[in-house]
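Notes to accompany the following structure.
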Amino acid sequence: MVAGPSHPAAAESAASLAVARRHRVALLHSIQSFERALAAPAGDPGWRPRVSTRLHGLRGAFAEHIVVTEGAEGLYAELLDHAPRLARCVHVLIREHAAVATAMSALQRQVDQPGPSVEDLRAWASDLLRELSRHRQRGADLVYEAYETDIGGET
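Last residue of the sequence shown: 331 (the working numbering), numbering continuous.
Written out as structure tokens, the structure is:
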């Protein structure tokens, strides 16, 4: 039989990590949905509207990620209570949130205009997806370093 956390702080940590895991998986699903929309044949008249819709969904999932991680009761606050030595890494991730959100908004504006070519949109989207991937990995590495726990959400 596995015992639960014996200390209230341990229970809170477990709860924070569980929330982070759920949102990590949801964000990954939004990323994959956006990737599938981008990879679809661009000659289909519904390509641009589908990409726009999926990007909008991704932006929502990322906004939720920011709330879950940066909020007063969020993962980063709990992580800093547990491992204050990681403050610099947390601040890097917070700055990345702003940069990625800005890039998503800029891409949304481009997707919603008729002017940019499919090739340009895909290139910009690839850059965004690469940054999201790096951000997710840095976040997973940070949590692992703080708790020596793999938070999952990779498949």
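C-beta atoms are modelled at their ideal positions from N, C-alpha and C, and glycine is treated no differently. No experiment lies behind these values; they were computed from the predicted model shown.
According to the DSSP assignment, LEU255 belongs to the alpha helix (DSSP H) that extends over 251-258. Contact check for CYS265 and LEU318: beta-carbon distance about 5 Å, within the 8 Å limit, so the pair qualifies.
Taken through DSSP and simplified to helix, strand or coil, GLN289 comes out as coil.
When rounded, the separation of the alpha-carbon atoms in PHE210 and LEU305 is 9 Å.
Burial of SER206 is indicated by the presence of at least 16 other C-beta atoms within 10 angstroms of its C-beta. In chain order, LEU269 place their CB closer than 7 Å to the CB of GLY315, counting only its own chain and leaving out the 5 sequence neighbours on each side. In this structure, ALA196 keeps its C-beta atom at 8 Å or more from the C-beta atom of VAL227.
Annotated three-state conformation of ASP220 is coil, per DSSP.
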